[in-house]
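Visitor:
Residue numbers (the numbering used here): 3 to 210.
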């Protein structure tokens, strides 16, 4: 009986080894899962470009650079333009939009670009009279935006933004095109001169 009690209170050497191996396997598995999670998070972070809430945006077709508001609450992109007029194309020719582009200096530049489509923007109640429509139509262009040396072709609508602090707005659709996320605590994280350097390089290569 005494011998049986001793066996209950004292593990055999083989049992201690098994217990140790089991504990090591659990710790090793936990460390592997943690390392994998950290690696995946790092990969996702490294794959995304980080924008601040304001960035310099160069529009390649128009040859102009704006300070843009980066707004994930908006959907598309808008540039400061007034007096848009659409001229129907003949035959296979595209419809053209003629408008006055408001430059960063405040001066106007007459521009013509192919029309991509129109979109409807819901008016705010305080911005319209009783006889006004609840929406207004905006022309949409397909333009190449360059931010930090990276270019993407996106849809940009024309809007009178003279009352806003930023002449350009970049919404969620362009952010997806740039594979970018936004750090709301930062501004102008991307090199504002990178696009100008890229444009000069392309001009030089095309001239050779």
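Yeah, the Cβ is synthetic: ideal placement off N, Cα and C, and Gly gets one too.
Can residue 147 and residue 53 be called in contact, C-beta distance under 9 Å?
Guide: No, the pair does not count as a contact, with Cβ atoms beyond the cut-off.
Visitor: Taking C-alpha atoms, which residue in 151, 188 and 174 lies nearest to residue 59?
Guide: Of 151, 188 and 174, the residue nearest in Cα terms is 151.
Visitor: Among the residues of its own chain, which have a CB less than 6 Å from the CB of residue 115, if the five just before and after it don't count?
Guide: Around residue 115: 99 and 143.
Visitor: Give the DSSP-derived three-state secondary structure of residue 107 in the structure shown.
Guide: It is coil, neither helix nor strand.
Visitor: How big is the Cα-Cα spacing for residue 194 and residue 96?
Guide: Approximately 33 Å between the Cα atoms of the pair.
Visitor: Pick out the complete beta strand (DSSP E) segments inside the stretch 147 to 195, 3 residues or longer, and give them in chain order.
Guide: The qualifying runs are 152 to 161, 170 to 172 and 182 to 184.
Visitor: What number of angstroms, rounded off, separates the C-alpha of residue 46 from the C-alpha of residue 170?
Guide: The predicted position of residue 46 is uncertain, since its pLDDT is 48 and thus under 50; a value taken from the coordinates is nonetheless stated next. Taking the straight line from one Cα to the other gives about 28 Å.
Visitor: Could you check what DSSP says for residue 199 in three-state terms: helix, strand or coil?
Guide: The answer is helix: DSSP assigns residue 199 an H, G or I state.
Visitor: How should residue 92 be labelled, buried or exposed, when 16 other C-beta atoms within 10 angstroms of its C-beta is the threshold for buried?
Guide: Label assigned to residue 92: exposed.
Visitor: Taking 6 Å as the limit between beta carbons, can you name the residues of its chain near residue 163, skipping five residues before and five after?
Guide: Answer for residue 163: 82 and 169, listed in chain order.
Visitor: Compute the Euclidean distance between the alpha carbons of residue 232 and residue 167, then round it to the nearest angstrom.
Guide: No answer is possible for residue 232: the residues shown for the chain start at 3 and end at 210.
Visitor: Suppose the cutoff is 8 Å on Cβ atoms and the five residues either side in sequence are ignored; what does the same chain contact list for residue 90 look like?
Guide: For residue 90, where only same-chain residues beyond five positions count, the Cβ hits under 8 Å are 97.
Visitor: Please go through the same chain and pick out, in chain order, the residues whose beta-carbon is closer than 8 Å to the beta-carbon of residue 184, but skip the five residues on each side of it.
Guide: Hits under 8 Å: 52, 53, 54, 55, 72, 74 and 177.
Visitor: Closest to residue 111 by CA distance: which of 85, 196, 159 and 123 is it?
Guide: Considering only alpha carbons, the answer is 85.
Visitor: Here's a check: name, in chain order, each residue in its chain whose Cβ is nearer than 6 Å to the Cβ of residue 149, leaving out the five neighbours to either side.
Guide: Answer for residue 149: 57, 59 and 192, listed in chain order.
Visitor: How about residue 102 and residue 113: do their beta carbons lie closer than 9 Å?
Guide: Contact flag set, yes.
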